[in-house]
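Peer 1: My questions will all concern the structure given below.
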Amino acid sequence: MNYISRMLTVIFICSALLAVSGCKKGATVERVDTASTTDLSGAWNDTDSRIVATEMIQDVLSRPWLKRFNKKMKGAVPAVIIGRVRNLSHEHINTRTFVNDMEKALINSGEVDFVASSSERREIREERKDMDIHASDSSRKEAGQEQAADFMLKGDINTIIDAVAGKHVRFYQVDLTLIDLKNNRKVWVGQKKIKKAVARDSFRL
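With our numbering, the residue at position 51 of the sequence shown is 320, and numbering never jumps.
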């Protein structure tokens, strides 16, 4: 084997070793503050959920319906339940996280009582049935004592995508409605919009 052939063989072996060592290299992980804004793809994320929920709850609690209810009920606070929040966008959005953010903002405000969701109530009712059989008389919780909701908060999440030549704009619109369960009146309608411009080498939704 001549000198050039030996050098090519050495270069080939070194390249192969480097490739193998590169494949074995693990991913780099960095822990970040959960309250920080991290936007990698432009898609709906935890920051959007938190900001929209907080701002819309602040808005609904500042509107006249709340003062009217407090006055009518002699200072009593309204009981609110969150209904369905539909994802009508083009992408997968975990609406449960968004609902949880709204629940947190409502409860922490101290302005309203919060009623468990329909799925939570079913679970609690099953527990009461179990109590009827197994719990003592002094600790058993009777059925028929639930707090009824006065208002239901429900809504939709929509998106519009505008794209050209590796650039695109994501437009999110969240619409929420507060409904009086006694008479089906809409007492508040809120809307929050988010617009993101995203540029990348190859466009993909």
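In this text, a Cβ means the ideal position worked out from N, Cα and C, and glycines have one as well.
None of the values given here were measured: they were computed from a predicted structure.
#1: Closer than 8 Å by C-beta to S310: which residues in its own chain qualify, once you throw out the five before and the five after it? Chain order, please.
#2: Could you check which residue in R391, G424, D406 has the C-alpha nearest to that of S358?
#3: Would you kindly work out how many angstroms separate the C-alpha atoms of G395 and T428, rounded to a whole number?
#4: Contact check, W334 vs V456 under 8 Å by CB: the rounded distance?
#5: Please identify the residue among L445, I430, A348 whose C-alpha is closest to the C-alpha of S378.
#6: Who are the near neighbours of A374 in its chain, counting only those whose CB is closer than 7 Å to its CB and skipping five residues on each side?
#7: Hey, how far is the Cα of E392 from the Cα of H437?
#8: Take N356 and list the residues in its own chain whose beta-carbon comes closer than 6 Å to its own, dropping the five residues that flank it on each side.
#9: Going by alpha carbons, who is nearest to E411 out of D419, A417, A418, D401?
#10: Does DSSP classify F472 as helix, strand or coil?
#11: Apart from the five residues just before and just after G461, which ones in its own chain have a Cβ nearer than 7 Å to its Cβ?
#12: Could you spell out the range, first to last residue, of the alpha helix (DSSP H) harbouring Q327?
Peer 2: Taking the geometry as given:
#1: V467
#2: G424
#3: First, the residue type needs correcting, since residue 395 is Glu and not Gly in the sequence shown. If I take the Cα positions, the gap works out to 39 Å.
#4: 4 Å
#5: A348
#6: A322, T323, I326
#7: 44 Å
#8: I362, T364, I426
#9: D401
#10: Note that F472 scores a pLDDT of 47, beneath 50, so its modelled location is shaky and nothing firm can be said.
#11: Before going further, note that residue 461 is Lys rather than Gly in the sequence given. Same-chain partners within the cutoff: V321, E324, M325, V443.
#12: 315–329
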